[in-house]
Amino acid sequence: MRAATDSREQKGLICGAAAFGGVVSSLFALALDLTQGKRLPNGSYLLGLTILGALGAAVAFFFEETNRRKAFFLGISLPSLIQVGGANMTRADAGSAKQALLLFPVVRAAELAGPAPNRLLKMEADEKVTGYEVIFSSADGRREEKVLVERAPGKAVAVPGYAARFAIQVGSARSVSQPLPAEPEATFGFRLSVRPNTWSGLQRSLGKRDASEYEVVVETVK
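Each residue of the sequence shown is one higher than the last, beginning at 46 in our numbering.
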């Protein structure tokens, strides 16, 4: 009976060491972020730590590890792969946005029609937005231009003739790319809002360290 109890305690210690290994890299990254003046993540960060710790413990359990030191490093291994994937997501965001610029215009004849002069983009923004950047892109994604709008409400921005799509950036958060109709002498209305990103803490715990605490939403005004 005593031997069975000792065996369970040993397994518990090993799984605990592996779970700590699963979260230690996230805690180290959080410490670095705090020393750089970044804010604490929201509560979903704890969910991410729980997932990483559980994965670390599960790896040690299923591999039947008996050494706590090895279990610790084994716990680091699998969650670290997830964090590497999260870090790659960060680097891939800009590339995937450009890929979208290349893919979507293929099925939009209006966007391929060529330059359209004298277009205006009028943005209605909520009170929380005091300034933003409009990012215009060509249909092939090779040309991009940023226009800084200091004051958001009711501001109209001239659309470059080459532009086929646009996105809005507020701070570090960028909206999904939106198509621009190729109608000359036209004004296009959109509504801009900023909403909390519920899962920014979870994203940070999984390796996406630049995850924004909010998201930018652009909707067409009809």
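Note that the Cβ used here is the ideal one computed from N, Cα and C, for glycine as well.
Remember, predicted model here, so these are calculated numbers, not experimental data.
Under the assumption that residue i contacts residue j (Cβ atoms under 8 Å), give the Cβ distance between them as a whole number of angstroms.
| i | j | result |
| --- | --- | --- |
| G176 | E195 | 5 Å |
| F233 | K167 | 7 Å |
| A161 | E228 | 6 Å |
| E230 | N163 | 5 Å |
| A103 | A62 | Not quite, the Cβ-Cβ distance comes to about 13 Å (not below 8 Å), so this is no contact. |
Based on the DSSP secondary-structure assignment, which residues constitute the bridge partners of residue i?
| i | result |
| --- | --- |
| Q223 | F211 |
| S70 | Answer by DSSP bridge pairing: none, since S70 is not bridged. |
| L119 | Note: L119 sits in no beta bridge, so no partner. |
| T265 | F235 |
| R240 | E260 |
| S183 | A208 |
| R8 | Not covered by the structure: residue 8. The range shown for the chain is 46 to 267. |
| R178 | It is Glu, not Arg, that sits at residue 178 in the sequence shown. DSSP output for E178 lists L193 and Q214 as bridge partner(s). |
| E169 | R236 |
So is residue i in contact with chain B if we call contact Cβ pairs under 9 Å?
| i | result |
| --- | --- |
| T265 | Of the protein chains in the structure, only one exists, and it is not chain B. |
Among the residues of its own chain, which have a CB less than 8 Å from the CB of residue i, if the five just before and after it don't count?
| i | result |
| --- | --- |
| F273 | Residue 273 lies beyond the residue range present for the chain, which begins at 46 and ends at 267; the question has no answer from this structure. |
| K56 | F106 |
Applying the 10 Å Cβ sphere with the 16-neighbour rule, what's the burial state of residue i?
| i | result |
| --- | --- |
| E109 | exposed |
| R114 | exposed |
| V68 | buried |
| S52 | exposed |
| G98 | buried |
| A76 | exposed |
Can we count residue i as close to the ligand NAP, meaning its CB is less than 8 Å from some heavy atom?
| i | result |
| --- | --- |
| L123 | Looking for the ligand NAP in the displayed structure turns up nothing, as the structure carries no ligands at all. |
Might you give, ordered along the chain, the residues of its own chain that have their beta carbon closer than 7 Å to the beta carbon of residue i, omitting 5 neighbours on each side?
| i | result |
| --- | --- |
| T265 | F235 |
Report all residues from its chain with a CB closer than 6 Å to the CB of residue i; omit the five preceding and five following residues, and keep chain order.
| i | result |
| --- | --- |
| E1 | Residue 1 lies beyond the range of the chain shown here (46 to 267); nothing can be said about it. |
| A256 | S245, Q248 and R249 |
| K143 | Confidence at K143 is low in this model, with a pLDDT of 47, below 50, so the placement of that residue should be treated as unreliable; the coordinate-derived value is given next. Excluding positions up to five away in sequence, the list reads G186. |
Do the segment 75–93 and the segment 237–253 touch if we need at least three Cβ pairs shorter than 8 Å? At 8 Å Cβ cutoff, the stretches touch.
Determine contact between the segment 236–245 and the segment 199–209, defined as no fewer than three beta-carbon pairs at a distance below 8 Å. Cβ pair count under 8 Å is below three, so no.
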